[in-house]
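Enquirer: Quick one: the structure is below, and I'll ask about it shortly.
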Amino acid sequence: MSPTTETAQGGRRLVIVESPAKAKTIKGYLGPGYVVEASVGHIRDLPNGAAEVPAKYTGEARRLGVDVDHDFQPVYVVNADKKSQVKKLKELLADADELLLATDEDREGEAIAWHLQEVLKPKVPVRRMVFHEITKQAIQEAVSNPRELNQRLVDAQETRRILDRLYGYEVSPVLWKKVMPRLSAGRVQSVATRLVVERERERIAFRSAEYWDLTGTFATGRAGDSSDPGTFSARLTTVDGRRVAQGRDFGPNGQLKPGVQQTTDVLHLDEDSARALAAALADSAFSVRSVESKPYRRSPYAPFRTTTLQQEASRKLGFGAKATMQVAQKLYENGYITYMRTDSTTLSETAVAAARAQVTQLYGADYLPDKPRVYAGKVKNAQEAHEAIRPSGDRFRTPAETGLTGDQFKLYELIWMRTVASQMKDAVGQSVTVRVGGTASDGRNAEFSASGKIITFHGFMKAYVEGADDPNAELDDRERRLPHVAEGDPLAAEHIEADGHATKPPARYTEASLVKELEEREIGRPSTYATIIGTILDRGYVFKKGTALVPSFLSFAVVGLLEKHFGRLVDYDFTAKMEDDLDRIARGEAQAVPWLRRFYFGEGEGAGQAGGAADAGNGDGDHLGGLKELVTDLGAIDAREVSSFPVGDDIVLRVGRYGPYVERGAKDEEGHQRADVPGDLPPDELTVELAEELLAKPSGEFELGTDPETGRQIVAKDGRYGPYVTEVLPEGTPKTGKNAVKPRTASLLKSMSLDTVTLEDALKLMSLPRVVGTDPESGTEITAQNGRYGPYLKKGTDSRSLQSEEQIFTITLEEALAIYAQPKQRGRAAAKPPLKELGTDPVSERPVVVKDGRFGPYVTDGETNATLRRDDDVETITPERGFELLAEKRAKGPAKKTAKKVAKKAPAKKAAAKKTAAKKTTAAKKTAAKKTAAKKTAAKKTTASKTAAKKVAAKAAASVQETD
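Add 22 to a position in the sequence shown, counting from 1, and you land on the number used in our numbering.
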């Protein structure tokens, strides 16, 4: 596939990018004289195991893939799945007169370019071709202005890779020995996991407390309208000059902060005192004590960078960080947005001009500021030369003009709105605070306060309003209108009600808030956060409950061990300091080898200059052990201790190799109890009461009897995935290899339990699937089975649901044929009965019920659906709360629908011609395919055993890898 055409200068250029999608797009912009090919990511990396290390390396270099005794020289190997691609690139390079390395312009992209140069060993001129967007103009400018490889960026990325390899390969085996096999540790992933675990510890330690205040509804006596309401609500703020305690006065543990407890300036109202005060104020006269008005101004948000895009996509679109980056990658490669891994909020002059042009076009000149807005970078050590994430080109395509659909449309629209809004005028208005006072019948002086906001000019909010991590937070464009009142105006109290509140535990991290926390602590690189979160989810350290990140019990054991025995490695400040040092290396202010030597081997007095982070957390400076010393002596680590956590009443939670369990008493003691804990149980929900309940359930192994046909013992057990029955195989039965025998096993039906299941039940369950009969028309066997989604019939590939589990054993062939004679039900199943009836909605005048939906319980009046919030409970929800949820949902309006591109029908004659051509092409392809089929089959057989072995090695090595 050598290029046959030449450039105007008489040369042929080979351009190498990372992805095939990017190669395809760029190839269309460069035209003749250029061959564009993809490396398909990294072509070379540290080995995934000792089997991949060349034979000349021994000892630590073979184990680690890094020669720690010779200036930390990395051992690089070409990835097994990239060897064919490397061969192809070398063949293309042989016919080229110049090589352009067009990988991404960041540290990783620079490292990929360097690896390509090292492996391909070009004998022709080599230049770096860099660009921030894939448009024709940007690509042509990049070709015309190549640069040299930036060795400092390469060194910085290589140091990161070596550091993460040493961390992972040295610390992960400690977890294997002391907690569980196949676990992993990483410089950033372990710290991220610790953050999630610490938040859960706060929730476990939390104890809810009550606080009360009053809400008054006051009337001016004038008829109200939309611009001047006649009534308004205000909340009690002071009593006799003492401030009434609010949520901010309580700490993370749910109790009053120590400073608040000790002062007499704060009044903590309980229910009795709040109700007594409300009664004493019922007939009081009230008046306006003060009116404070001040200008309101809100400036637009900066254009997106990587982390803010991830956070906002999570809040508004429900995307995880990984999904956001995957969609953004596609948008970038297809030329819709600029590069999506960036710490910068800067826009180029071209982008500013494009945004300002669209502001004028779409919103009018009144919304355009006199001067372009410039946003200063707030990220420490931001990577150089990048723009913010924005629509590509010198003219922005509106979302409707792109032809995009689905997730790509949604994300592009978000980026487009944010970019355009960043060049619009401020939103302005007035904020007002009204204080209302009255004297109670017992002589106490009470003061209420109400705040309002009126936006007189929406400015950038016409285009975009940022979301909030707190679902109950008020967004910037929300207005609150108060009546026009003046100081001294009399007011009538229509209602004075006592309101009770309970403190809530700290909210768990979401992907968005964890990304924000990592960035604020300056831990890791923003471009890697999606990978980090994906890693801790994949490893089972964290799982999702809705959008919340919940730590597993396993992560408690891992973090506990690291904190106690490797505290420096998971210290937040130490990790951030390491990031600073790596950036110093990137800027040429520090050298990599001395820094790595101090980190790995440690050093005595005076280890602070080149090592930097090696000193963090050490006060005396006399001796600081390195990573190697930390992992050498593991005798002090008690494996049982690090995996045990007291619950209460002599109950201990333990993390075992097969999951968490609770235990009371020693194994060799009488009365010893043990019960498995569901793997998806949030740690803060494991109370003493729940532990007692788990221990009270039947556990262990129950002998049911002997199978009269096989003579094998049948037992019932409680496993990780629920109760089941199985047969006990005779001793000596092979369990692995070609002659392995697997015992018959079956899960209990929902109507069964361990303490009631019988031998007859077990034998019936293990006989499934049951053959019902044969379809006389097709001759296909019909079976009755129990599956993940309940009982069903199966005839070939055609499955039909059954109404009950009992039908599995009782349904006849005639009944089965009758079911198959009916049209197959597609789409939604029959509606479930409502969980609760709440009465008639005052707005829609329709009956409101609570139903169980795919994403949890919700209220509905048949037209509007509203999901119950975290604090709502089906059993206790009131009609008023249900009506309130529906009103909130109506106020938000219907969800926006993505515009879909409609394909135009071609004329019939052209369509016919195309079909004829397509048939000929297909025939030719089939002929060619037959000729190559035998070759492919042989090749697959030859490589099958090698591939299997490599997969095993790769899986083992993956447990200690971390890309950062």
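C-beta: ideal position from N, C-alpha, C; glycine also. Treat the numbers as computed from the prediction; the structure is a model and nothing was measured.
Taking Cβ positions, are Gly208 and Ile554 nearer each other than 9 angstroms?
Expert: Sequence index remark: in the sequence shown, residue 208 carries index 186 (1-based). Sequence index remark: in the sequence shown, residue 554 carries index 532 (1-based). Cβ distance < 9 angstroms, so Gly208 and Ile554 count as in contact.
Enquirer: For Lys948, which three-state DSSP category applies?
Expert: In the sequence shown, the residue the question calls residue 948 occupies position 926. For Lys948, the predicted structure reports a pLDDT of 49, less than 50, and the residue's modelled location is therefore unreliable. A value from the coordinates is still provided. Three-state DSSP puts Lys948 in a helix.
Enquirer: Which runs of the beta strand (DSSP E) at least 3 residues long sit entirely within the region 665 to 725? Give them in chain order.
Expert: Taking only runs of at least 3 residues, the beta strand (DSSP E) segments lying wholly in the region 665 to 725 are 666 to 670, 673 to 678, 681 to 686, 695 to 698.
Enquirer: Suppose you measure from the CA of Glu539 to the CA of Val219; what does that come to, to the nearest Å?
Expert: Your numbering for residue 539 matches position 517 in the sequence shown. Your numbering for residue 219 matches position 197 in the sequence shown. Spanning the two alpha carbons is a distance of roughly 14 angstroms.
Enquirer: Based on the DSSP output, what are the partners of Glu314 in its beta bridges?
Expert: Within the sequence shown, residue 314 is the residue found at index 292, counting from 1. Answer is Thr455, bridged to Glu314.
Enquirer: Give me the Cβ distance between Val90 and Glu82, rounded to the nearest whole Å; I'm assuming they're in contact under 8 angstroms.
Expert: Numbered from its first residue, the sequence shown carries residue 90 at position 68. Numbered from its first residue, the sequence shown carries residue 82 at position 60. Going by Cβ atoms, the distance from Val90 to Glu82 rounds to 5 angstroms, so yes, they are a contact pair.
Enquirer: Buried or exposed for Tyr385, please, with buried defined as at least 16 other CB atoms from any protein chain shown within 10 angstroms of its CB.
Expert: Here the question's residue 385 lines up with position 363 in the sequence shown. Answer is buried; the Cβ neighbour count reaches 16.
Enquirer: Going by DSSP, what residues sit across from Tyr814 in a beta bridge?
Expert: Mapped onto the sequence shown, residue 814 falls at position 792. Looking at the DSSP assignment, Tyr814 forms a beta bridge with Gln807, Ser823.
Enquirer: By how many angstroms is the C-alpha of Ile518 removed from the C-alpha of Leu989?
Expert: There is no way to answer for residue 989, as the model of the chain reaches only from 23 to 986.
Enquirer: How should Lys740 be labelled, buried or exposed, when 16 other C-beta atoms within 10 angstroms of its C-beta is the threshold for buried?
Expert: Looking up residue 740 in the sequence shown gives position 718. First, the amino acid is wrong: residue 740 is Asp here, not Lys. The residue is buried, with at least 16 neighbouring Cβ atoms inside 10 Å.
Enquirer: DSSP three-state label for Pro421, please.
Expert: Position 399 of the sequence shown, counting from 1, holds the residue named residue 421. In the structure shown, Pro421 sits in a helix (DSSP, three-state: H, G or I).
Enquirer: Can you tell which of Thr368, Arg561, Ala302 has the C-alpha that lies nearest to the C-alpha of Gly465?
Expert: The sequence position of residue 465 within the sequence shown is 443, counting from 1. It is Ala302 whose Cα lies nearest to the Cα of Gly465.
Enquirer: Let me know if Lys44 comes out buried or exposed under the rule of 16 or more other beta-carbons within 10 Å of its beta-carbon.
Expert: Within the sequence shown, residue 44 is the residue found at index 22, counting from 1. Per the 10 Å Cβ criterion, buried.
Enquirer: Measuring CB atoms only, is the region 115 to 135 touching the region 145 to 162, in the sense that at least three cross pairs come out at less than 8 angstroms?
Expert: Touching, yes.
Enquirer: What residue does the beta strand (DSSP E) around Leu604 start on, and which one ends it?
Expert: On the sequence shown, position 582 is the one that residue 604 refers to. Not the beta strand (DSSP E): Leu604 falls in the alpha helix (DSSP H), residues 594 to 608.
Enquirer: Which first and last residues belong to the beta strand (DSSP E) in which Arg204 is found?
Expert: By one-based count along the sequence shown, residue 204 stands at place 182. Note, Arg204: premise wrong, no beta strand (DSSP E); not H, not E.
Enquirer: Of the residues Ser41, Pro54, Ile48, which one's Cα is nearest the Cα of Arg34?
Expert: Numbered from 1 along the sequence shown, position 12 holds the residue referred to as residue 34. Arg34 has its Cα closest to that of Pro54, out of Ser41, Pro54, Ile48.
Enquirer: State yes or no: is the beta carbon of Lys105 nearer than 9 angstroms to at least one beta carbon in chain B?
Expert: Although the question refers to chain B, the structure presented lacks it and comprises just one protein chain.
Enquirer: With a threshold of 6 angstroms on Cβ separation, who are the neighbours of Leu36 within its own chain once the five nearest residues in sequence on each side are excluded?
Expert: By one-based count along the sequence shown, residue 36 stands at place 14. Here the set comprises Val57, Leu114, Leu115, Ala118, Leu121.
Enquirer: Specify whether the region 507 to 514 and the region 465 to 479 touch according to this definition: at least 3 beta carbon pairs, one from each stretch, less than 8 angstroms apart.
Expert: Counting Cβ pairs under 8 angstroms, fewer than three are found: no touch.
Enquirer: From Thr420 to Leu339, what does the alpha carbon distance come to, in whole angstroms?
Expert: On the sequence shown, residue 420 is found 398 positions in, with the first residue counted as 1. On the sequence shown, residue 339 is found 317 positions in, with the first residue counted as 1. In a straight line, the C-alpha of Thr420 is about 19 angstroms away from that of Leu339.
Enquirer: Going by C-alpha distance, which of Val750, Val710, Val487 is nearest Thr728?
Expert: Here residue 728 corresponds to residue number 706 of the sequence shown, with the count starting at 1. Ranking the options by Cα distance to Thr728, first place goes to Val750.
Enquirer: Give the single residue among Pro730, Ala241, Gly744 whose Cα lies nearest to the Cα of Leu716.
Expert: Taking the sequence shown and counting its residues from 1, one reaches residue 716 at position 694. Of the listed residues, the one whose Cα sits closest to Leu716 is Gly744.
Enquirer: Please tell me whether Thr242 and Ser255 are closer than 9 angstroms, where the distance is taken between their beta carbons.
Expert: On the sequence shown, position 220 is the one that residue 242 refers to. On the sequence shown, position 233 is the one that residue 255 refers to. Contact flag unset, no.
Enquirer: When you compare each of Gln695, Ile558, Leu571 to Ala718 by their alpha carbons, which one comes out closest?
Expert: Residue numbering aside, residue 718 sits at position 696 when the sequence shown is read from its first letter. The shortest C-alpha separation from Ala718 is found at Gln695.
Enquirer: In or out: Lys447 buried (at least 16 other Cβ within 10 Å) or exposed?
Expert: For the purposes of this step, residue 447 is identified with residue 425 of the sequence shown, where counting begins at 1. By the neighbour-count rule (16 or more Cβ atoms within 10 Å), Lys447 is buried.
Enquirer: Could you please give me the residues that DSSP links to Tyr880 through a beta bridge?
Expert: If you number the sequence shown from 1, residue 880 lands on position 858. Answer by DSSP bridge pairing, in chain order: Lys873, Thr889.
Enquirer: Quick check: Leu217 and Arg561, are their CB atoms within less than 9 angstroms of each other?
Expert: Counting from one through the sequence shown, the residue named residue 217 turns up at place 195. Counting from one through the sequence shown, the residue named residue 561 turns up at place 539. Not a contact, by the Cβ cut-off of 9 angstroms.
Enquirer: Applying the 10 Å Cβ sphere with the 16-neighbour rule, what's the burial state of Ala950?
Expert: Taking the first residue of the sequence shown as 1, we reach residue 950 at position 928. The pLDDT assigned to Ala950 is 48, lower than 50, so where the model puts this residue is not dependable; a value taken from the coordinates is nonetheless given after this. It counts as exposed.
Enquirer: Please classify Pro730: does DSSP put it in a helix, a strand, or coil?
Expert: Taking the first residue of the sequence shown as position 1, residue 730 is located at position 708. Coil, per DSSP.
Enquirer: In or out: Asn70 buried (at least 16 other Cβ within 10 Å) or exposed?
Expert: As a first step, residue 70 must be located in the sequence shown, where it is residue number 48. Label assigned to Asn70: buried.
Enquirer: Distance check for Thr758 and Lys764, CA to CA, integer angstroms please.
Expert: Taking the first residue of the sequence shown as position 1, residue 764 is located at position 742. Taking the first residue of the sequence shown as position 1, residue 758 is located at position 736. Near 9 angstroms, if we compare the C-alpha coordinates of Thr758 and Lys764.
Enquirer: Under 7 angstroms Cβ to Cβ from Lys112, same chain only, skipping five residues before and after it: list those, please.
Expert: In the sequence shown, counting from the first residue as 1, residue 112 sits at position 90. So the list reads Leu142, once near-sequence residues are dropped.
Enquirer: State buried or exposed for Lys105, treating a residue as buried only when at least 16 other CB atoms are found within 10 Å of its CB.
Expert: Residue mapping note: residue 105 aligns to position 83 of the sequence shown, counting from 1. Lys105 should be labelled exposed.
Enquirer: In its own chain, which residues sit with a C-beta less than 6 angstroms from the C-beta of Phe341, not counting the 5 before and 5 after it?
Expert: Counting from one through the sequence shown, the residue named residue 341 turns up at place 319. Contacts found: Ala335.
Enquirer: Can you name, in chain order, every residue of its own chain whose Cβ lies under 8 angstroms from the Cβ of Ala164, other than the five neighbours on each side?
Expert: As a working mapping, residue 164 is identified with position 142 in the sequence shown. Answer for Ala164: Ala124, Met151, Val152, Phe153, listed in chain order.
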